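Data first, discussion second: the structure below is written as structure tokens.
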Amino acid sequence: MTGCQPQPEQSAEAIDPQRVGVYDSRSIAIAFVNSPAYKQHVQPIHTANHQAYAQAVEDGDTARVEQLKAWGQAQQTKLHMQAFSTEPVDEILKHVQSSLPLIKQQTGVDRLICKWDKQAMAEVGKAQQVDVTLLLIDAFKPTPTQRKAAIEILKHQPIALDAARRIDD
Numbered sequence: 001m002t003g004c005q006p007q008p009e010q011s012a013e014a015i016d017p018q019r020v021g022v023y024d025s026r027s028i029a030i031a032f033v034n035s036p037a038y039k040q041h042v043q044p045i046h047t048a049n050h051q052a053y054a055q056a057v058e059d060g061d062t063a064r065v066e067q068l069k070a071w072g073q074a075q076q077t078k079l080h081m082q083a084f085s086t087e088p089v090d091e092i093l094k095h096v097q098s099s100l101p102l103i104k105q106q107t108g109v110d111r112l113i114c115k116w117d118k119q120a121m122a123e124v125g126k127a128q129q130v131d132v133t134l135l136l137i138d139a140f141k142p143t144p145t146q147r148k149a150a151i152e153i154l155k156h157q158p159i160a161l162d163a164a165r166r167i168d169d
């Protein structure tokens with residue numbers, strides 16, 4: 001996640017380049033849903049699209065109905081892939097970008113990497129891995145129910161991306 005995150009203000013001695021913060025992206029996706037950031041940034045878009053859908057149905061605008069239905073299905077599929085599989089959550093982490101420097105400073109890491117990102121994990125090699133998942137979960141200020149679900153998912157292995165794509169609810 002380096003590159004799109006502001007760098008923490010700290011001395012070079014405070015960061016050990018051999019320490020990397022790792023997180024489980026599934027927990028981040030689950031903590032995000034219904035969080036204050038979600039309600040502020042995502043929920044209004046969903047509400048507007050639901051209203052547009054209802055209006056399109058009322059107007060008999062089948063093309064718009066299908067367009068909005070496809071958008072909703074794509075959003076749900078992406079969330080399934082993030083919450084139950086290994087789809088990246090970079091756009092979700094942007095909602096807590098201001099918290100990341102403090103998390104990095106508290107844990108003495110200079111970089112955050114999703115534990116499912118095989119390429120990034122290979123690049124850091126034998127660096128000490130510091131699990132920052134719980135700190136990231138808490139950065140979203142999730143409801144107690146969301147926090148519990150975000151932690152519970154850690155007990156399970158992710159499902160394949162194709163399987164997550166096929167979840168139908």
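Per this note's numbering, the sequence shown runs over residues 1 to 169. Positions of the beta carbon are idealized from the N, C-alpha and C atoms, including for glycine. All values derive from a computational prediction rather than experimental measurement.
Rounded to the nearest whole angstrom, the C-alpha separation of residue 54 and residue 92 is 28 Å. In its chain, beyond the 5 residues on either side, 53, 56 and 57 have a beta carbon closer than 8 Å to the beta carbon of residue 65. DSSP places residue 21 in the strand class (E or B) of the three-state scheme.
Contact fails between the segment 61-81 and the segment 142-155, because fewer than three Cβ pairs, one in each stretch, are under 8 Å apart. Residue 160 is positioned such that its CB atom lies no closer than 8 Å to that of residue 82.
Counting along the chain, residue 128 sits inside the beta strand (DSSP E) bounded by residues 128-131. When C-alpha distances from residue 72 are compared across 94, 90, 86 and 49, the shortest belongs to 49. Ranked by how close their Cα comes to the Cα of residue 128, the residues 77, 97 and 111 have 111 in first place. When 70, 23 and 43 are compared, the shortest CA-CA separation from residue 118 is found for 23.
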